[in-house]
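*Asks:* Take this note's numbering: the final residue in the sequence shown is number 286, and no numbers are missing along the way. Backbone N, C-alpha and C fix where the C-beta goes; we use that ideal spot for every residue, glycine too.
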Amino acid sequence: MWINYLNDNFDVKGTAANFKQKLNGVTLGGDKAIALGDSVLSLGGFPSHSSSDIKSDYQSSGSVESNSLGAYAQYLSNSGYYLNGVLKTNQLKQKLNITSNGNNANGSANFSGLGLAVKAGKHINFDAMYVSPYIALNTFASGKSQYPLSNGMDAQNQGSRNTTGTLGMNTGYRFILNSGAEIKPYAIFSVDHDLKASNNVAINKETFDNSRKGTRVNAGAGVNVNLTKNLSVGSEVKLSKGKNISTPVTINLGVGYTF
Numbered sequence: 028m029w030i031n032y033l034n035d036n037f038d039v040k041g042t043a044a045n046f047k048q049k050l051n052g053v054t055l056g057g058d059k060a061i062a063l064g065d066s067v068l069s070l071g072g073f074p075s076h077s078s079s080d081i082k083s084d085y086q087s088s089g090s091v092e093s094n095s096l097g098a099y100a101q102y103l104s105n106s107g108y109y110l111n112g113v114l115k116t117n118q119l120k121q122k123l124n125i126t127s128n129g130n131n132a133n134g135s136a137n138f139s140g141l142g143l144a145v146k147a148g149k150h151i152n153f154d155a156m157y158v159s160p161y162i163a164l165n166t167f168a169s170g171k172s173q174y175p176l177s178n179g180m181d182a183q184n185q186g187s188r189n190t191t192g193t194l195g196m197n198t199g200y201r202f203i204l205n206s207g208a209e210i211k212p213y214a215i216f217s218v219d220h221d222l223k224a225s226n227n228v229a230i231n232k233e234t235f236d237n238s239r240k241g242t243r244v245n246a247g248a249g250v251n252v253n254l255t256k257n258l259s260v261g262s263e264v265k266l267s268k269g270k271n272i273s274t275p276v277t278i279n280l281g282v283g284y285t286f
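#1: Can you tell me whether GLN118 is buried or exposed? The criterion is at least 16 other CB atoms within 10 Å of its CB, across all chains shown.
#2: Mapping DSSP to helix, strand and coil, what is MET28?
#3: Can you tell me where the beta strand (DSSP E) with ALA155 in it begins and where it stops?
#4: If contacts are defined as beta-carbon pairs under 8 Å, then LYS82 and PHE37 qualify, I think. What distance do you get, rounded to the angstrom?
#5: Alpha carbon to alpha carbon, what distance is there between ALA98 and LYS146?
#6: Using 10 angstroms around the beta-carbon of THR274, count the other beta-carbons present and answer buried if the total reaches 16, otherwise exposed.
#7: Taking 6 Å as the limit between beta carbons, can you name the residues of its chain near ASN34, skipping five residues before and five after?
#8: Indicate the three-state DSSP secondary structure (helix, strand or coil) for ARG201 in the structure shown.
#9: In angstroms with no decimal places, state the Cα-to-Cα distance between ASN124 and ASN137.
#10: If you drop the 5 nearest sequence neighbours on each side, which residues of the same chain put their C-beta closer than 6 Å to that of GLY112?
#11: Give me the residue from VAL252, GLY269, SER69 with the minimum Cα distance to GLY207.
#12: Under the DSSP definition of a beta bridge, which residues are partnered with GLY52?
#13: Do you know how far the Cα of LYS211 is from the Cα of LEU258?
#14: In chain order, what residues of the same chain lie with their CB nearer than 8 Å to the CB of ILE61, ignoring the 5 residues before and after it?
#15: With a threshold of 16 other CB atoms inside 10 Å of the CB of THR255, please say whether the residue is buried or exposed.
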C-alpha cells in the first residue's frame, strides 16, 4: 500500500496561447506481488485526485479538477529486465474565466480522458550501485467538450491526442545503516519527444491549433529510505526544459507500507 503527493508547475507555449499551470495531486494505491519462477509479477490499482490552476497570457484563467482510476502491472526478472504498464481513466471538470477588452466571461465543461503508459528497461547492479537504462511510451486522449460562455460566445475543445516517447537512465547507490535502515539516493535523466500532439480549440467556430509538440530534457534527483522492513518513504525533485513546455520544478513525496 502506498500514497503519493505531487506538486507540479508547467510553462506551456502553444500556437494559440501561452499559459502557466500549477497542479497538486494525491494518489493512493496498492499492489500484490506474485512469484513466477525466477521472476516477480506485481498487479495493482489506484484512485487519484488532482487540482490545477491555469493562467494564460491573455488575462484569462481557469481550473481543472481531475478524478482518476487506474491499474498497473510490472514484470521483473532476476536478470534485471523489467516491463511495466499503467492504464488510467480520467473524469475532468474545467472552468474558464476569459477577459477581453475589459469584458469578462466564464463557462465550464466536463469531459473524460484515457491514458496508457508502457516502460521497459534493465537494472544493472555494481555491488551497492546500479544503473537502469529504459525506454517508454505514453499516450493520452481526451474527449470533446463545449463551453457556452456567459457573454454568448461559444468555445469548444475538439479533443486532444498526445503520444510521447522517452529514452532515459536512472542511477543510484544503496547505503545500509547500523540500525538496518536503507538509504537509496538516485539521479534521473531522460529525453521526451512528442510523436503526436493535437489540441484544436474553436471559438465561435474559428479553430486554433494549440498543440505543444516538441522535445524536452528532464533531470532530477531523489531518495528512498526503508525505515523498517515494512515502512518506506521517498521524495523526488525534477526539472524539465523544452521548446514548447517546461516544468521549473516537480516535487514528489511518497510513503509505502508492505503487509
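*Replies:* Let's see:
#1: On the sequence shown, residue 118 is found 91 positions in, with the first residue counted as 1. That one is exposed.
#2: Here residue 28 is taken as the residue at index 1 of the sequence shown, counted from 1. Three-state DSSP puts MET28 in coil, outside helix and strand.
#3: Locating residue 155 in the sequence shown gives position 128, counting from the first residue. Here ALA155 belongs to no beta strand (DSSP E), and DSSP marks it neither H nor E.
#4: Numbered from 1 along the sequence shown, position 55 holds the residue referred to as residue 82. Numbered from 1 along the sequence shown, position 10 holds the residue referred to as residue 37. Going by Cβ atoms, the distance from LYS82 to PHE37 rounds to 11 Å, so no, they are not a contact pair.
#5: To locate residue 146, count along the sequence shown from 1; it is residue 119. To locate residue 98, count along the sequence shown from 1; it is residue 71. When the Cα atoms are used, LYS146 and ALA98 turn out to be separated by approximately 14 Å.
#6: Here residue 274 refers to the residue found at position 247 when the sequence shown is read from its first residue. When all chains shown are included, THR274 counts as buried.
#7: For this step, residue 34 is matched to residue 7 along the sequence shown. The answer, listed in chain order, is ASN51, ILE278.
#8: Translated into the one-based positions of the sequence shown, residue 201 becomes position 174. Correct three-state label for ARG201: coil.
#9: As a first step, residue 124 is located in the sequence shown; it is residue number 97 there, counting from the start. As a first step, residue 137 is located in the sequence shown; it is residue number 110 there, counting from the start. Their Cα atoms are separated by approximately 15 Å.
#10: On the sequence shown, residue 112 is found 85 positions in, with the first residue counted as 1. Correct list, in chain order: ALA100, VAL145.
#11: Taking the first residue of the sequence shown as 1, we reach residue 207 at position 180. Considering only alpha carbons, the answer is VAL252.
#12: Here the question's residue 52 lines up with position 25 in the sequence shown. LEU33, SER77.
#13: Here residue 258 is taken as the residue at index 231 of the sequence shown, counted from 1. Here residue 211 is taken as the residue at index 184 of the sequence shown, counted from 1. Whole-angstrom Cα-Cα distance: 14 Å.
#14: Start at 1 with the first residue of the sequence shown, and residue 61 comes out as number 34. Beyond the five residues adjoining it in sequence on each side, ILE61 comes within less than 8 Å, by CB distance, of VAL67, LEU68, SER69, LEU70 in the same chain, given in chain order.
#15: Position 228 of the sequence shown holds residue 255. That one is exposed.
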